[in-house]
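One structure is given below, encoded as structure tokens.
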Amino acid sequence: MYSGRFSRTPEYSTIYHDLPRDASFWAFLFSIDQDLAESARQKKCPCGGCLHRANYPRKPRGGGEHLPSEYGRRLSFCCEREGCRKRVTPPSVRFLGRKVYLGAVVVLVAAMRQGPSPKRVPELTRLFGADRHTIARWRVFWNEHFPQTPFWKAARGRLASAVEGVALPLSLLVAFLRSDDPAGDWGRLLRFLSPISIAGGWAIEVSR
Ligand SMILES: [Zn+2]
1 MYSGRFSRTP EYSTIYHDLP RDASFWAFLF SIDQDLAESA RQKKCPCGGC LHRANYPRKP
61 RGGGEHLPSE YGRRLSFCCE REGCRKRVTP PSVRFLGRKV YLGAVVVLVA AMRQGPSPKR
121 VPELTRLFGA DRHTIARWRV FWNEHFPQTP FWKAARGRLA SAVEGVALPL SLLVAFLRSD
181 DPAGDWGRLL RFLSPISIAG GWAIEVSR
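Under the working numbering, the first residue of the sequence shown carries the number 1, and numbering increases by one thereafter.
Below is the structure:
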């Protein structure tokens, strides 16, 4: 259904297909997760102990047929010190908290239900595998929960006018998918969201 209100924002019509779900894109996101994990490892445990690998097994959905085997684990660490053994899980651009679907899919599919010509749910189910209940839950997440988080209240200012008047998560796509390098843009978008990918991350204040 066409609405004249959107006639001055042609970018809506071009951003939808821009999730490059090929093996190199997934490998690129994995390399960002490796960097995030290495930073966490170098910072060590709050007790001063070294961190050892203690990854979680995951079975992520929505990645299509080219998802590398590395996606079967969520990078994580455990303190080596007896009596501490604290778990340290770095932020991730692949996994959005405990959600089963890949973070990029949770953003993209919800955004595809928005805008002047929303994609129909059966088509999204065919493309990404998420059923209508799951897609409805994601919309509640973006409409009701995410905007209330300290993370978003602090971070939204960094996106300035790009998010003005556009609902989440479509506003994130409008803000980040701006170049002719969709993989790089998606990397930046998911890195922006990565603080909320860890337990308690909702409450993290953004410093820059
Ligand atoms: Zn420790």
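We treat Cβ as the ideally placed atom computed from N, Cα and C, and that holds for glycine.
I think residue i touches residue j, with their Cβ atoms under 8 Å apart; what is that distance to the nearest whole Å?
i, j, result
"Arg-58", "Phe-95", "6 Å"
"Leu-172", "Leu-29", "Contact flag wrong, Cβ pair sits at about 16 Å."
"Ser-220", "Val-93", "Summary: the structure shown does not reach residue 220, with the chain confined to residues 1 through 208, and so no result is reported for it."
"Phe-146", "Leu-168", "6 Å"
"Cys-50", "Cys-84", "The pair is not a contact, with the Cβ atoms about 11 Å apart (cut-off 8 Å)."
"Thr-149", "Ile-196", "7 Å"
"Trp-138", "Val-109", "7 Å"
"His-66", "Asp-22", "5 Å"
Considering Cα atoms alone, identify which of the options is closest to residue i.
i, options, result
"Gly-62", "Tyr-71, Phe-192, Ala-54, Asn-55", "Tyr-71"
"Gly-64", "His-52, Gly-129, Glu-38", "Gly-129"
"Leu-75", "Leu-67, His-52, Arg-137, Arg-85", "His-52"
"Pro-122", "Trp-26, Val-163, His-133", "His-133"
"Ser-69", "Arg-139, Ala-27, Ile-135", "Ala-27"
"Ala-241", "Arg-126, Gly-201, Pro-20", "The question about residue 241 has no answer, for the chain in this structure spans 1 to 208."
"Val-166", "Trp-142, Pro-182, Ala-183", "Trp-142"
"Pro-60", "Tyr-101, Glu-80, Ser-24, Val-88", "Tyr-101"
"Ala-154", "Phe-192, Arg-139, Gly-187", "Phe-192"
"Ala-54", "Lys-86, Ile-32, Leu-67, Glu-144", "Lys-86"
"Leu-170", "Phe-151, Asp-181, Pro-118, Asp-131", "Pro-118"
"Glu-82", "Leu-67, Gly-48, Arg-120", "Gly-48"
"Ala-111", "Gly-200, Thr-89, Pro-90, Ile-135", "Ile-135"
Assuming residue i is part of the alpha helix (DSSP H), what are its boundary residues?
i, result
"His-133", "132-140"
"Asp-35", "23-43"
Give the DSSP bridge partners of residue i, in chain order.
i, result
"His-52", "Cys-78"
"Pro-95", "What sits at residue 95 in the sequence shown is Phe, not Pro. Answer is Leu-102, bridged to Phe-95."
"Val-88", "Phe-77"
"Arg-61", "Tyr-101"
Jot down the residue ranges of each uninterrupted alpha helix (DSSP H) in the region 122-200, minimum 4 residues, whole runs only, in chain order.
132-140, 150-159, 170-176, 182-193
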